[in-house]
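Peer 1: Residue numbers for the sequence shown follow my numbering, so the first one is 9 and each next one is one higher.
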Amino acid sequence: MTLLNPTTETGRTALDRIREAPDRALLAFDFDGTLAPIVPDPRDSRAHPGAVPALRALADRVRAVAVVTGRPAAVAVEYGGLDAVPGITVLGQYGRERWADGVLTVPEPPPGVAAVREALPGLLERVGAPDGTWIEDKHHALAVHTRRTADPEAALDLLRAPLAELAEQTGLAVEPGRMVIELRPPGVDKGAALTGLVAETGAQAVLYAGDDLGDLAAYDAVEQLHEQGVAGFKLCSGSAEVTELAKRADLVVDGPSGVVAFLEELGAALGG
């Protein structure tokens with residue numbers, strides 16, 4: 009049974025265009041939950057073992073391959089082994105950071121990030137955050153994880169309002185995710201990052217694969233680009249934790265292993 013079988017007409021059109029003219033196609037991916045399985049501690053995250061080989065097989069056949077992630081770009085490159093993919097561009101921190109050809113470009117974080125860094129430990133103590141709640145410092149953003157608590161959903165519910173208030177006070181944006189709430193600089197998202205990549209590469213077709221709420225902005229961008237004549241394909245790395253993307257996707261596959269299987273089949277179709 010083939011995985012190259014979108015459930016929507018726009019998806020079929022986009023996939024046909026990618027197959028007919030891969031040299032004009034951009035393939036872009038989220039990292040955690042899409043190319044890498046979700047794990048209890050994100051510091052232990054590594055790419056699915058088939059991800060880099062599948063991307064390598066496609067890299068010489070398409071216009072461009074990219075990863076767009078909330079992680080720092082250098083961390084995604086390290087954890088994914090992405091430097092083994094020829095010509096790949098990695099946009100980190102939702103597009104604030106860029107890694108390409110071994111060169112990392114990182115702007116200074118806004119002052120609100122330092123204020124949140126200082127305030128978060130006391131805030132978690134005041135609201136009674138349960139054992140297992142922990143802070144991930146991404147330099148340009150801070151994420152509060154609840155996956156290791158006894159009741160991750162209840163912990164998220166407890167933290168949503170206080171973290172939203174702290175974000176408002178410090179001029180940051182709130183980015184919800186799978187058992188995590190991130191406070192990050194406003195004005196950047198995966199949609200803007202993806203749109204920029206399409207303009208930069210001149211791609212006439214774009215595939216974006218994601219799994220989490222932060223990827224909805226990239227889905228929005230794919231749909232907006234479609235109205236401008238750029239064929240768009242939305243691939244969802246499906247999970248029981250987040251279902252919003254599946255409702256809008258052209259194709260849903262079973263987590264990172266499904267994404268890899270899709271890429272392997274696409275590579276074979278393109279002569280990989």
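Positions of the beta carbon are idealized from the N, C-alpha and C atoms, including for glycine.
If you follow the beta strand (DSSP E) that THR77 is in, where does it begin and where does it stop?
Peer 2: Numbered from its first residue, the sequence shown carries residue 77 at position 69. Unbroken run through THR77: none, as it is neither H nor E.
Peer 1: Flag this pair as yes or no: are the beta carbons of ALA226 and ALA33 separated by less than 9 Å?
Peer 2: If you number the sequence shown from 1, residue 226 lands on position 218. If you number the sequence shown from 1, residue 33 lands on position 25. No, Cβ-Cβ distance for ALA226 and ALA33 is not below 9 Å.
Peer 1: So, helix, strand or coil for LEU11, using DSSP?
Peer 2: For the purposes of this step, residue 11 is identified with residue 3 of the sequence shown, where counting begins at 1. Of the three classes helix, strand and coil, the one that applies to LEU11 here is coil, per DSSP.
Peer 1: Is PRO194 near the ligand PLP, judged by its Cβ being under 8 Å from some heavy atom?
Peer 2: Among the components modelled here there is no ligand, and therefore nothing to report on the ligand PLP.
Peer 1: Which word fits THR183, buried or exposed, when buried means at least 16 other C-beta atoms lie within 10 angstroms of its C-beta?
Peer 2: For the purposes of this step, residue 183 is taken as residue 175 along the sequence shown, with counting starting at 1. Sequence inspection shows Glu at residue 183; the Thr mentioned does not correspond to that position. Buried: at least 16 other Cβ atoms inside 10 Å.
Peer 1: Using a threshold of 9 Å, state whether the C-beta atoms of ALA213 and ARG25 are closer than that.
Peer 2: Position 205 of the sequence shown, counted from the start, is the residue given in the question as residue 213. Position 17 of the sequence shown, counted from the start, is the residue given in the question as residue 25. Yes, the Cβ-Cβ distance between ALA213 and ARG25 is below 9 Å.
Peer 1: Sorted by chain position, which residues of the same chain lie with C-beta nearer than 6 Å to THR97's C-beta, five sequence neighbours on each side aside?
Peer 2: Within the sequence shown, the letter at position 89 stands for residue 97. Taken in chain order, the residues that qualify are ALA74, ALA108.
Peer 1: Note down the Cα distance separating ARG186 from ASP219, rounded to an integer number of angstroms.
Peer 2: For this step, residue 186 is matched to residue 178 along the sequence shown. For this step, residue 219 is matched to residue 211 along the sequence shown. Computed Cα separation, rounded: 9 Å.
Peer 1: Go through its chain and collect everything with a Cβ distance to ALA175's Cβ below 6 Å, but skip five positions before and after it.
Peer 2: Walking along the sequence shown from the start, residue 175 turns up at place 167. Counting only Cβ-Cβ distances below 6 Å, and skipping sequence neighbours, we find VAL182, LEU191.
Peer 1: Counting only the same chain and skipping the five closest in sequence on each side, list residues whose C-beta sits under 6 Å from that of GLY95.
Peer 2: On the sequence shown, residue 95 is found 87 positions in, with the first residue counted as 1. Cβ neighbours of GLY95 beyond the five flanking positions: ALA67.
Peer 1: Measuring CA to CA, which of ALA82, LEU278, ASP139 is closest to ALA158?
Peer 2: Locating residue 158 in the sequence shown gives position 150, counting from the first residue. If we check each option's Cα against that of ALA158, ASP139 comes out closest.
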